[in-house]
Each structure stands twice: as C-alpha cells, then as structure tokens.
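Reading through the structure tokens given below for one structure.
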Ligand code: GAR
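Residue numbers (this note's numbering): 167 to 382.
Here it is as structure tokens:
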C-alpha cells in the first residue's frame, strides 16, 4: 500500500461498469477508503469507460488483437496498469483470463468479483450455470486472483436466494445488488488495513481462507 493516503486502485472492466460505479460512489460518499486512479478496458465500447470519463478518471483501452498471444497481451496490459502505480488492481466485470505474468506483476494485489458462491460455478455465465444446476442459493464472491480461473483465496461472500422462475438475467440482477455492497466493503477493509493481504502467506496457502471474512 502507499505510505500515505488511501490505496491507489486501478479498475479493469469489460462491461457496463455498475461495479465500478458502486465503488466510485462509495469512495465519494466516504464509505470506501481508496482512490481510483485509472480504468482500463479490453473493449472500446465498454460502458465502464464512459462512466469513468464522466468523473474525470483516466481511461485506457487495450483490446486483445487476434494475432497476439494471451501472454503477450497480458504483459502489455500489466505495463499499462503499472503506469498508474496502483496499490491494488480490481477486476470489476473483466471478462478475460489474465496470464500468470500479469498476476505476478502485482503479487497478492489483484482482486476479482465473481457472480457465484465460489468454488461453485467458476468461469463464464456463472448465473446461468447456477440456474441450470437448480441450486437454491447463489451469490457473489470477492477473491484474490491467482494463476487459476476464479480459484484464488476467498475474501468475502454474500448469498442470495434463487427464486422459482428465475432465469440467468433475473438471478444476475439480484446478485449484482450484493456485489455493489460487497466489493466496496472489501476494498475499504483492505484500504484501512483491516484485511491483510500478505502475498507470501497467500502464495503458500493459495486455496485456503487466508484473510478475515467480511460479513456482507
Ligand atoms: C458482474 O456481475 C461481475 O460479477 C461479472 O460481470 C459483471 C459485470 O457487471 N464478472 C464475471 O462474470 C467475471 N467472471 P458490471 O460491468 O455492471 O460491473
């Protein structure tokens, strides 16, 4: 973390950016001790870019060209993100898998929000997976990013019911309400030093609960 002041956060987003918006609003309302210093997207049409620009947050777009490998693109992305000198990188609806080279550039400092109760339903279309499986409870997870897909240490979770007649969209909407509370709370806890992210310990216990669980 920075020596003084709130931690510098770079947000990575591919979509409409409601999680980014919730984080930004929480910071503005003094409910989250952090400072967003940049938003980077892989999609030039991502709504998150407009949201950021409206609030004077610097943005960058780095689409992955077809001819470039994931490793090459991840390395370029890491360089760009590093140029903002972040203390934390927050994946808020970032829909690409990052190479280990990216994750290792910010050890123990990359946080993701995922729309399921991990380890259930990792990967894409998590709400659709939950509906198809017929589970009665789903939710969201905020976790550290490791080299796997949605496998990093779980920091916090919030649960929602899956209701009769739910489809992926209605379930996702209910989950997102919780994401918008949970993500700012976790970033706030990290920013205030209440949630210790010890990279060495994290690397040793990559699959274990290595941090305090934040109640939703
Ligand atoms: C969020 O629900 C987030 O959990 C999900 O994308 C959505 C983005 O919404 N992320 C993933 O599925 C990552 N595997 P937003 O753009 O409105 O914040």
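Note that CB positions come from ideal geometry on N, CA and C, so glycine has one too.
Here DSSP, grouped into helix, strand and coil, assigns residue 204 to strand. According to the DSSP assignment, residue 277 belongs to the beta strand (DSSP E) that extends over 276-280. Listed in chain order, the non-local C-beta contacts of residue 230 below 8 Å within the same chain comprise 208, 236, 239 and 262, local neighbours out to five positions each way being set aside. Three or more Cβ pairs drawn from the region 282-289 and the region 302-314 lie within less than 8 Å of each other, which places the two stretches in contact. For residue 309, the secondary structure class from DSSP, reduced to helix, strand or coil, is strand. Distance between residue 255 and residue 228, taken at the CA atoms: about 16 Å. Residue environment analysis places residue 265 among the buried positions, since at least 16 neighbouring C-beta atoms fall within 10 angstroms of its C-beta. The bridge partners DSSP lists for residue 226 are 206. Sequence-distant Cβ neighbours of residue 172 in its own chain, meaning closer than 6 Å and more than five residues away, are 199, 200, 201 and 357.
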